[in-house]
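The structure under discussion appears below in the form of structure tokens.
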Amino acid sequence: MNINLEAFAWGVASAISLPLGAAVGLLLRPRQRINSAFMAFGAGALLFALTIELFAHVPHHVDRHGYAAMLAAGLGAIAGGVLFAVLNQILNNKGAFLRSLSNARHYVTHLHLRRKKKLVNELSKVRILNQLPPKKMAALMGRVTQEQFQAGQTIFKQGDPADEMFFIVQGQVDIVFHENDGAKKNWPPWVRVTPLASLEC
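Under numbering that gives the first Met the number 0, the first residue of the sequence shown is numbered 0, with each subsequent residue one higher.
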């Protein structure tokens, strides 16, 4: 086959592959895993083609310019990748992660993991919790919820069921006991209830 006709045939096949794949996806409705596999394959093929397009000619310049051409191409690729990653992270931190669903999910997952790691580090400062096995600590993390209380708001009352445990992350609390005769008694002043230290008092 003539090389021009062969190139034309490959060009046509490449051009119709996208709408053909979209039509197959709409008609067959494959599962999410299959879709993900095809998308990963397509992204890899596109990246491979782009890499060939950008760097395939570089080895041909080695004879003329020496290995400096190869080094310059490699350094340029690394610098471009780092610059893209830095700028992309800056944009994501300013809310640009919402431009795509996958980026939004990745950002939310990363934020959730970072908060959970911070919470684990803080809870490990509590004396009765820092000896917990990892499995039990993971189970505890799954049941921790964050709440905010206004100044003067009652968190719990004397006599309420003891079915919750509170960790103070920020601020302070006043604990008041009600005596049998109706008198109120504050928590002893020499005992301080400080953030994430309430169980060490």
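Quick reminder that beta carbons are idealized off the backbone N, C-alpha and C, glycines included.
Integer-rounded CB distance, given that residue j should sit under 8 Å from residue i
i: L122; j: F166; result: 7 Å
i: N34; j: G43; result: Actually they do not touch by this definition, with Cβ atoms about 15 Å apart.
i: L97; j: A103; result: 5 Å
i: V81; j: M69; result: Incorrect: roughly 19 Å between the Cβ atoms, too far for contact.
i: G115; j: M136; result: Here residue 115 is Lys; the residue named in the question, Gly, does not match the sequence. That pair is no contact at about 11 Å.
i: A72; j: F54; result: 6 Å
Whole-angstrom distance between residue j and residue i, CA atom to CA atom
i: L46; j: Q147; result: 48 Å
i: I77; j: G151; result: 56 Å
i: I2; j: L49; result: 22 Å
i: L4; j: V11; result: 10 Å
i: D162; j: V175; result: 19 Å
i: A119; j: G79; result: Looking at the sequence shown, residue 119 is not Ala but Val. Taking the straight line from one Cα to the other gives about 37 Å.
i: V168; j: V143; result: 12 Å
i: K93; j: H105; result: 15 Å
i: A138; j: H177; result: 35 Å
Below-9 Å beta-carbon distance, residue i vs any chain D residue
i: L17; result: This model lacks chain D altogether; it includes just one protein chain.
Do the segment 81-95 and the segment 128-139 touch if we need at least three Cβ pairs shorter than 8 Å? no
Which complete alpha helix (DSSP H) runs does the segment 57-86 hold, if anything under 4 residues is left out? 61-64
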